[in-house]
Structure formats: C-alpha cells, structure tokens
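The sequence shown begins at 196 in the numbering used here and counts up by one. For each residue, glycine too, the CB sits at the ideal point set by N, CA and C. Below is one structure, written out as structure tokens, with a few remarks after it.
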Amino acid sequence: MLGVKVGWRAQSIFSEMLAEFLGCVVLIAFGAGVVAVAVVGLTESGRTAVIFNGAGGWLLITWGWAFAVTMAIYVAGGVTGAHLNPAVSLAFAVKGDFPWRKVVPYWVAQVAGCFVGAALVYLDYFRAIDAWNAAHHVASYAAPGGLTTFSIFATFPASYLGGHMDLALIDQIIGTFFLLLFVLAISDNLNLSPTSNMGPLMVGLAVAAIGMSYGVDAGYAINPARDFGPRLFTWVMGWGKNAFPGPHGYWWVPIIGPMIGGVLAVYVYKWFISLTLVERAKLLENQQPHPQMQGMGYSLEKLQAALDEAKQLHTP
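Structure follows, in structure tokens:
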C-alpha cells in the first residue's frame, strides 16, 4: 500500500543471511547437543552406568538430528525457506529457483551459524568432555583418542572403509541425493506436497531415515556447513589433526560429496517426476485431466493454482 514505510529487512540479503545463520545455530545446538549427550553426557553425569552406544545410542542420535532439522526449519523457514545447507542452496540455484548471486552469502551464513552452534554445545558440555578424556586416559583433544569427543561436533569415516575416501565420497553423494530428492518432492506444488507447517517435520523424518539407513559409513553429514563449521571450531579449540585434515584426510569429503549428490537429485527429480507433473498440469488448458490425477490425490483446483508457477519453473 502507498505510504507504508518498509525497513531494510524486507528486501535485504543480509536479513536472509541472519535467518540462515540463526537456523544453523539451532541445527547444531540441538544436533551436536544430542551427540554430546550420547557420547559423554550420560556416561559422565552418573545417570547411566554403562556407555550409551550400539543401536540404542544410534537411534537417540538419528532422532535427535531429525528434531534438530525440524526446529531449525521452523525458525528460519518464513524468511528464506530454510536452506540451512550449502548443498540445498546450490541445488536450488541449479534448478533455477534461487538466484546465483545469493549462493555464496548463504554459504557464509550457514557455516558461521554452524560454527557458533558448535561453540554453544562445547560451552555446555566441556566439563563432560574433559571428564570423559580423564576417565579414558586421553591426554589431549588432539590425541588419537580425542577422535571420540571430536565426533560430537563433526564426522569421520568408519574404520572398515580402510582409508578409501572414494567410498566415503559415494556415501555422502547417496545420502545427500536422497535428502534433496525428498526436499524437491516436498516443495513441489504439483506433487503431493504437505502444507507449509508440516514440511519441516517431513524433512526431519527424511533426515532420520537417512541416518538410520546410511549413517554409519561416514556419519551422514549430508550438509557441508554442518560438518565444516563445527570442524573449524574443533580445530580452533585444539583437536588438531582429528579435525584437519581428519582421519585419512577426510575433511573435504563432506563438502564435495553433498554438493554432487544435491545437484544429481535435481536432474533425477526433473526427468523422473517433475516433467511428468508439468505435462499433466498443462492438460488443464483443455480441461482434460489425466485419469491418474484423481487417484493420486489431485484436484483441478490444486493443479490450476500451481500451473502458472510450474510453467515458470520448468519451461526449457
């Protein structure tokens, strides 16, 4: 309306960076926080007599990360759609839904937010970390035994990979491919997308599924900022080679792998799903809906509402 004064936040990329930053703080504060509980908190607090590990510990971690992702998306989603992941920003830029000029600023905000989130977890649990090191005779964060407490913050490859970083890279590509495949489906108005307030929960469930199915090879970072920001923090705090370069020089894998997996998902979703949905939507112009539409939960109203957007996003 005329005469309405609009502040700088309405159209500034800086306001979007702030949202991505805070969302990533939430992501790591709760995601790495639940790992801290599983690795050092329960055992050193006296609340359990045994090390919390095995399948039960892994379920705690995977569901904790799922809720962390869900809460982070709820926090930032209204401003940016909650990318919270450089692989997501890159994938949507490749898809044409996100301006290329915003990609690097989003990446910076995401890494910075994850760094600060890791700092919050350390501030809360550093005594538990030190108690665990003392109980297990680990002389310092940088010692070989320090890899256990490092894993609170960032990821490392499983020992059974035998130093084959190509296998770890494949793992990260696969995990992020599925993450972006789900995100693309959930955000596609022509698909069976949930309402906006349910979308964050659906993404969180996808993260839980990936963690339980593909998590143990390399810790399912599936997000370059989620790994690099906390990894940088641990390096600053003295974890040394456990952080950089990491076991077998692993540090680059959770950066490159997710980028590849995310872009791959864009093209697979387009050719296997999106183009079909667009062609079916175009049938509305002649009021000839495809027979399968009603059976798959479509309505003429829904398709009509999404048709203009689909033409813009998917026109070759």
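Inter-residue spacing [alpha-carbon to alpha-carbon] between residue i and residue j
i           : j           : result
residue 268 : residue 431 : 28 angstroms
residue 419 : residue 282 : 7 angstroms
residue 456 : residue 333 : 37 angstroms
residue 355 : residue 451 : 21 angstroms
residue 365 : residue 270 : 31 angstroms
residue 479 : residue 294 : 30 angstroms
residue 339 : residue 286 : 36 angstroms
residue 349 : residue 465 : 32 angstroms
residue 447 : residue 200 : 46 angstroms
residue 477 : residue 469 : 12 angstroms
residue 220 : residue 232 : 18 angstroms
residue 264 : residue 204 : 25 angstroms
residue 445 : residue 388 : 36 angstroms
residue 305 : residue 240 : 32 angstroms
residue 321 : residue 345 : 12 angstroms
residue 237 : residue 357 : 30 angstroms
residue 284 : residue 251 : 33 angstroms
residue 276 : residue 378 : 11 angstroms
residue 422 : residue 436 : 15 angstroms
residue 403 : residue 467 : 24 angstroms
residue 361 : residue 256 : 25 angstroms
residue 210 : residue 274 : 8 angstroms
residue 351 : residue 363 : 9 angstroms
residue 316 : residue 472 : 44 angstroms
residue 398 : residue 229 : 18 angstroms
residue 382 : residue 394 : 8 angstroms
residue 427 : residue 280 : 16 angstroms
residue 380 : residue 401 : 11 angstroms
residue 454 : residue 212 : 20 angstroms
residue 434 : residue 323 : 16 angstroms
residue 308 : residue 385 : 33 angstroms
residue 407 : residue 376 : 17 angstroms
Buried/exposed call for residue i, threshold 16 Cβ in 10 Å
i           : result
residue 260 : buried
residue 429 : buried
residue 442 : buried
residue 474 : exposed
residue 367 : buried
residue 318 : exposed
residue 214 : buried
residue 370 : buried
residue 244 : Residue placement at residue 244 cannot be trusted, given a pLDDT of 44 that sits under 50; what the coordinates show is reported in the next sentence. Classification of residue 244: exposed, given that the 10 Å Cβ count is below 16.
Residue span of the alpha helix (DSSP H) that contains residue i, given as start and end
i           : result
residue 522 : Here the chain covers residues 196 to 511 and nothing more, so residue 522 does not appear.
residue 417 : From DSSP, residue 417 is part of no alpha helix (DSSP H); its letter is neither H nor E.
residue 432 : Taken as a continuous stretch (DSSP letters only), residue 432 belongs to no alpha helix (DSSP H), as it is neither H nor E.
residue 462 : 448-464
residue 322 : 298-330
residue 477 : 470-477
Chain D contact for residue i (CB, 9 angstroms cutoff)
i           : result
residue 397 : In the structure shown, chain D does not exist; there is a single protein chain.
> Whole beta strand (DSSP E) runs in the stretch 219-286 with 3 or more residues, listed along the chain?
Replying inline: none
> Counting only runs that start and end within the stretch 344-399, where is the beta strand (DSSP E) found for 3 or more residues in a row?
Replying inline: none
> So, do the stretch 319-328 and the stretch 283-301 have three or more beta carbon pairs nearer to each other than 8 angstroms?
Replying inline: no
>> Pairs of beta-carbons, one from the stretch 302-313 and one from the stretch 208-222, closer than 8 angstroms: are there three or more?
In response: yes
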